[in-house]
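First comes the structure, then the notes that go with it.
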Amino acid sequence: MVKDTYSKMLILRFPKGRADSPVVCNLAREYDLTFNILNATIYPRKEGVMVLQLFGTPQNFERGMAYLKQEGIKVQKTEEEIGRNEEVCTHCGTCTAVCPTGALAVSRPDMHVVFDQEKCSVCKLCVRVCPPRAMNLHPVDDLLPEV
Numbered sequence: 001m002v003k004d005t006y007s008k009m010l011i012l013r014f015p016k017g018r019a020d021s022p023v024v025c026n027l028a029r030e031y032d033l034t035f036n037i038l039n040a041t042i043y044p045r046k047e048g049v050m051v052l053q054l055f056g057t058p059q060n061f062e063r064g065m066a067y068l069k070q071e072g073i074k075v076q077k078t079e080e081e082i083g084r085n086e087e088v089c090t091h092c093g094t095c096t097a098v099c100p101t102g103a104l105a106v107s108r109p110d111m112h113v114v115f116d117q118e119k120c121s122v123c124k125l126c127v128r129v130c131p132p133r134a135m136n137l138h139p140v141d142d143l144l145p146e147v
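Oh and the sequence shown: position 28 is 28 in full-length UniProt numbering, straight run, nothing missing.
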């Protein structure tokens with residue numbers, strides 16, 4: 001990636017009637033932003049929520065955020081990240097059973113749990129179920145550009 005490229009994890013909240021619009025497609029096509037959908041619950045004629053990672057230049061990112069605001073979509077940044085304390089993790093695999101995005105998986109044949117931060121949607125399920133409490137939350141202090 002280019003050094004002036006943003007990579008932000010966002011939560012999009014779609015109001016009723018907007019869930020069937022190709023908003024994310026438009027972000028890619030019209031604003032030259034790349035996305036990775038990590039989690040989504042979207043139903044026609046109901047409110048929807050999507051967690052995605054968005055990549056792009058600062059200028060395109062700012063324009064894309066303005067577009068989302070214009071479309072009535074609420075954008076939140078994830079203010080926390082999931083981390084793992086490697087010294088505490090026992091690689092029991094409990095977290096892999098609840099992870100909806102595949103960010104936590106068992107590596108075979110060594111049977112170690114691997115954590116891919118890029119896939120994490122910060123759903124916090126792993127934090128709740130981790131027996132040795134190796135999974136934890138920590139704040140993210142970088143901010144979205146103002147629009």
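We put the CB at the ideal spot given by N, CA and C, even for glycine.
- Can you check DSSP and say which residues form a bridge with T34? Taking the sequence shown and counting its residues from 1, the one referred to as residue 34 is at position 34. In the DSSP output, where bridge partners are listed per residue, T34 has F55.
- Report the rounded CA-to-CA distance for L125 versus K16, giving the unit in angstroms. As a working mapping, residue 125 is identified with position 125 in the sequence shown. As a working mapping, residue 16 is identified with position 16 in the sequence shown. Answer to the nearest angstrom: the Cα atoms are 27 angstroms apart.
- Under 9 angstroms, do L27 and L68 count as touching if we go by C-beta distance? One-based indexing of the sequence shown puts residue 27 at position 27. One-based indexing of the sequence shown puts residue 68 at position 68. Yes.
- Message: Quick check: I82 and A103, are their CB atoms within less than 9 angstroms of each other?
- Response: To locate residue 82, count along the sequence shown from 1; it is residue 82. To locate residue 103, count along the sequence shown from 1; it is residue 103. Contact flag set, yes.
- Message: One question on the structure: do R18 and G48 come within less than 9 angstroms of each other, judged by their Cβ atoms?
- Response: Start at 1 with the first residue of the sequence shown, and residue 18 comes out as number 18. Start at 1 with the first residue of the sequence shown, and residue 48 comes out as number 48. Going by C-beta atoms, R18 is nearer than 9 angstroms to G48.
- Is the CB-CB distance between E118 and N36 below 9 angstroms? Position 118 of the sequence shown, counted from the first residue, corresponds to residue 118. Position 36 of the sequence shown, counted from the first residue, corresponds to residue 36. Yes, they are a contact pair.
- Would you give the residue range spanned by the beta strand (DSSP E) that A103 belongs to? On the sequence shown, position 103 is the one that residue 103 refers to. No beta strand (DSSP E) holds A103; DSSP gives it neither H nor E.
- Let me know if L54 comes out buried or exposed under the rule of 16 or more other beta-carbons within 10 Å of its beta-carbon. Numbered from 1 along the sequence shown, position 54 holds the residue referred to as residue 54. Classification for L54: buried.
- Query: Is the CB of P100 under 9 angstroms away from at least one CB in chain D?
  - Reply: Structure shown: chain D not included; a single protein chain is present.
- One or two residues paired with Q117 in a DSSP bridge: Numbered from 1 along the sequence shown, position 117 holds the residue referred to as residue 117. DSSP, once it has assigned bridges, lists no residue as partnering Q117.
- Query: Whose C-beta lies closer than 8 angstroms to the C-beta of T34 among residues of the same chain, with five residues either side of it excluded?
  - Reply: Locating residue 34 in the sequence shown gives position 34, where the first residue counts as 1. So the qualifying residues of the chain are A28, L54, F55, G56.
- Task: Put A40 into one of helix, strand or coil per three-state DSSP.
- Result: By one-based count along the sequence shown, residue 40 stands at place 40. Of the three classes helix, strand and coil, the one that applies to A40 here is strand, per DSSP.
- Item | Alpha carbon of P100 to alpha carbon of A134, nearest angstrom | Within the sequence shown, residue 100 is the residue found at index 100, counting from 1. Within the sequence shown, residue 134 is the residue found at index 134, counting from 1. Distance between the alpha carbons of P100 and A134: 18 angstroms.
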